[in-house]
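Chemist: In this note's numbering, the protein residues as written are 270 to 546.
Here a beta-carbon is modelled for each residue, glycine too, at the ideal position from N, C-alpha and C.
From a predicted model like this one, the values you see are computed outputs, not experimental measurements.
(1) Across the stretch 498 to 513 and the stretch 349 to 359, are there enough close Cβ pairs to call them in contact, namely three or more that are closer than 8 Å?
(2) By the three-class DSSP mapping on this structure, what secondary structure does residue 459 have?
(3) By alpha-carbon positions, which one of 462, 324, 276, 405 ends up nearest to residue 335?
(4) Which stretch, first to last residue, makes up the beta strand (DSSP E) that contains residue 438?
(5) Nearest to residue 411 by alpha carbon, out of 392, 384, 396?
(6) Just the C-alpha distance for residue 307 and residue 361, rounded to the nearest angstrom, thanks.
(7) For residue 390, does the three-state DSSP call read helix, strand or coil?
(8) Decide if residue 500 is buried, meaning its Cβ has at least 16 other Cβ atoms within 10 Å, or exposed.
(9) Quick check on this structure: which residue in 529, 472, 348 has the alpha carbon closest to the alpha carbon of residue 449?
(10) Go ahead and label residue 304 buried or exposed: buried means 16 or more other beta carbons lie within 10 angstroms of its beta carbon, across all protein chains shown.
(11) Cβ atoms of residue 519 and residue 376: under 8 Å apart, would you say?
(12) Give me the DSSP bridge partner(s) of residue 255.
(13) State whether the stretch 398 to 416 contacts the stretch 439 to 449, with contact taken as three or more CB pairs (one from each stretch) at a distance under 8 Å.
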């Protein structure tokens, strides 16, 4: 049994009988062509060979041994691109594709906890369109101010007192930058409304109600997301907010209470989980 091998060529085998006093000749042409097979896990990925789309995996064709630029594309998987060597002596290759968790197109819901100038709980709902981010949010404040007393100048009634808490409703815009398969960084700017309401009251009177007041604030920050599994991840987002337009009552409150001022101005950090699709 005679086996002829040559790098990048198809192996050929022969069975010969050698007789006494005779010579046996073998003439063989070793081909560099073979029926090559390229597969992927998972399968049914678009396959491009040297820049030309040739079909979907598993793909097979008669090809010469050599180096080929292979590109595989599949929804929700990271694009695979590599210079691959195909050899007629080993004509099959299987490529393992990596799951792409962060996508340029997606929607998400993020239950959120906020710490800092305004401690609050809430949620964010948003999405990415070609990595452009738009996000709406609502946060209900947990911390409250000290009791603030108001005096009436038109009546002889006793001063009334209120302590205050805040909630915020707004919109953020940003652009997501994907790193690898699981991470995304999104710089954001935002505009929101801070609604201040009474948490506790003392000796309230019907002729005066300072329990509701508003401030418009702007914010700048960034959100870092990490995908733990398909459709589930965590995020952390530092942000600085500042009041851009204050209502009259809010101005009065902020001038006597640093706690009320921080409802609209100050540094915060948000953390939470992310459910994305």
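Modeler: Taking the geometry as given:
(1) no
(2) strand
(3) 276
(4) 429 to 444
(5) 384
(6) 6 Å
(7) strand
(8) exposed
(9) 348
(10) Around the beta carbon of residue 304, a 10 Å sphere encloses fewer than 16 other beta carbons of the protein chains shown; the residue is thus reported as exposed.
(11) no
(12) For the chain, the structure presents residues 270 to 546; residue 255 sits outside this window and is missing.
(13) Yes, since at least three Cβ pairs between the stretch 398 to 416 and the stretch 439 to 449 fall closer than 8 Å, the two stretches touch.
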